[in-house]
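Mind the numbering: the sequence shown is residues 275 to 548 in the numbering used here, read in order.
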Amino acid sequence: KAARLGNVSKETQYILDYVGVEAPEFVSNIENGTEVMLVDHNEFDQSADNIENLKIISVTDHHRISNFHTTEPLYYNAKPYGCTNTLLFEEYKANGVEIDSKIATLMISAIISDTLLLKSPTCTDHDVEAFNELEKIVGFDAREYGMNMLKAGTDLSTYSATEVVNLDAKEFTEKGKKFVVAQVNTADIDDVFSRKEELAFAMEKEINDKGLELFLFVITDIVNTNSKIIAMGNLKGLVEKAFNKKLDADDSMFLEGVMSRKKQIAPPLLANLD
Numbered sequence: 275k276a277a278r279l280g281n282v283s284k285e286t287q288y289i290l291d292y293v294g295v296e297a298p299e300f301v302s303n304i305e306n307g308t309e310v311m312l313v314d315h316n317e318f319d320q321s322a323d324n325i326e327n328l329k330i331i332s333v334t335d336h337h338r339i340s341n342f343h344t345t346e347p348l349y350y351n352a353k354p355y356g357c358t359n360t361l362l363f364e365e366y367k368a369n370g371v372e373i374d375s376k377i378a379t380l381m382i383s384a385i386i387s388d389t390l391l392l393k394s395p396t397c398t399d400h401d402v403e404a405f406n407e408l409e410k411i412v413g414f415d416a417r418e419y420g421m422n423m424l425k426a427g428t429d430l431s432t433y434s435a436t437e438v439v440n441l442d443a444k445e446f447t448e449k450g451k452k453f454v455v456a457q458v459n460t461a462d463i464d465d466v467f468s469r470k471e472e473l474a475f476a477m478e479k480e481i482n483d484k485g486l487e488l489f490l491f492v493i494t495d496i497v498n499t500n501s502k503i504i505a506m507g508n509l510k511g512l513v514e515k516a517f518n519k520k521l522d523a524d525d526s527m528f529l530e531g532v533m534s535r536k537k538q539i540a541p542p543l544l545a546n547l548d
């Protein structure tokens, strides 16, 4: 059965409501020895709490491979696509599995989300091809649907600062250093940044609670394809080194043309770790 590792965002809830399905069960700890298939991640820090005690039988992912090992061989499908669902779409096709309109809507929604409606620098020709084929199955204007979907996910007004910084947070452990890169999408960077004081307080609490060296909060403008970041922690200098810019006095930095955590933010941070 399907399971999720995080909370359901407004964007995800919009998709689920549109399709008329329930969210998968939330899990954080699974019975030891259970066979699991990892989708859209491989790093143990981003998985179930007791992942090392589970039997991983397959991985389907589009991220870097790190902090990962198994005791037995497994099926591993990893490609540098914009969305893991594009890999799943190809697996459906390769195995002759019919994709109905509900599954197609969920699949195309994932591609829209991960590639920001095909605008992200991570988007590949494979993602575009899958998008176009899935649009024929769903039978509606996927670009119009996609913009409404993305806009639904930008409303952060009902979330506390702690919830905002944890909506889409990924933890990385490299060279003995542990840090988090969290990201939210918006149509107005200034609107989100107006909460900077409470966001910074929430970030500091995460740093103290989780023993982090750095918490990087990325506010991405899905309309103008830019980002503004807030950096907190002992490794703020790493951020300046990675992007060859100084943080402003308020610990923020504007990054023109930067949208992708996977391709444009995490790699320079990891490459510049001492």
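Don't be surprised by glycine CBs; every beta carbon is placed ideally from N, CA and C.
(request) Mind checking which residues open and close the alpha helix (DSSP H) that includes phenylalanine 363? (result) Taken as a continuous stretch (DSSP letters only), the alpha helix (DSSP H) holding phenylalanine 363 covers 358-368.
(request) Can you grab the Cα-Cα spacing for the pair leucine 362 / tyrosine 350, in whole Å? (result) Within the model, the alpha-carbon separation for leucine 362 versus tyrosine 350 is close to 12 Å.
(request) May I have the straight-line CA-CA distance separating threonine 358 from serine 387, to the nearest angstrom? (result) Rounded to the nearest angstrom, the two C-alpha atoms are 11 Å apart.
(message) Using 8 Å for Cβ pairs, my map puts leucine 547 next to lysine 451. What's the rounded Cβ distance?
(response) That belief holds up - the Cβ atoms of leucine 547 and lysine 451 are roughly 6 Å apart, short of 8 Å.
(message) Within the continuous alpha helix (DSSP H) that includes threonine 447, where are the two ends?
(response) It is not in any alpha helix (DSSP H) - threonine 447 instead sits in the beta strand (DSSP E) that spans 443-448.
(message) On the criterion of 16 or more Cβ atoms from any shown chain inside 10 Å, does valine 295 qualify as buried, or is it exposed?
(response) Exposed, since its Cβ has fewer than 16 Cβ neighbours within 10 Å.
(request) Can you grab the Cα-Cα spacing for the pair phenylalanine 453 / glycine 413, in whole Å? (result) The alpha-carbon atoms of phenylalanine 453 and glycine 413 are separated by roughly 42 Å.
(message) I'd like to know if glutamate 305 contacts chain C, where contact means its C-beta is closer than 8 Å to some C-beta of that chain.
(response) You won't find chain C in this structure, because it holds only one protein chain.
(request) Would you list the one or two residues that DSSP bridges to asparagine 351? (result) In DSSP, asparagine 351 forms a bridge with Thr334.
(request) Locate the alpha helix (DSSP H) running through threonine 436, then write down its first and last residues. (result) Looking at the DSSP string, the run of the alpha helix (DSSP H) that includes threonine 436 is 435-440.
(request) State the beta-bridge partners of leucine 312 as determined by DSSP. (result) In DSSP, leucine 312 forms a bridge with Val333.
(message) Taking 8 Å as the limit between beta carbons, can you name the residues of its chain near serine 526, skipping five residues before and five after?
(response) Correct list, in chain order: Phe467, Lys470, Lys502, Ile503, Ile504 and Ala505.
(request) Report back the beta-carbon spacing between phenylalanine 405 and isoleucine 373 to the nearest angstrom; my notes put them in contact at under 8 Å. (result) Going by Cβ atoms, the distance from phenylalanine 405 to isoleucine 373 rounds to 13 Å, so no, they are not a contact pair.
(message) Are the CB atoms of glutamine 320 and lysine 484 within a distance shorter than 8 Å?
(response) Result no, Cβ atoms of lysine 484 and glutamine 320 do not sit closer than 8 Å.
(message) Under 8 Å, with one C-beta from each stretch per pair, do the stretch 384-400 and the stretch 320-329 reach the 3-pair mark?
(response) Proximity of the stretch 384-400 to the stretch 320-329 falls short of the contact definition, fewer than three beta-carbon pairs being nearer than 8 Å.
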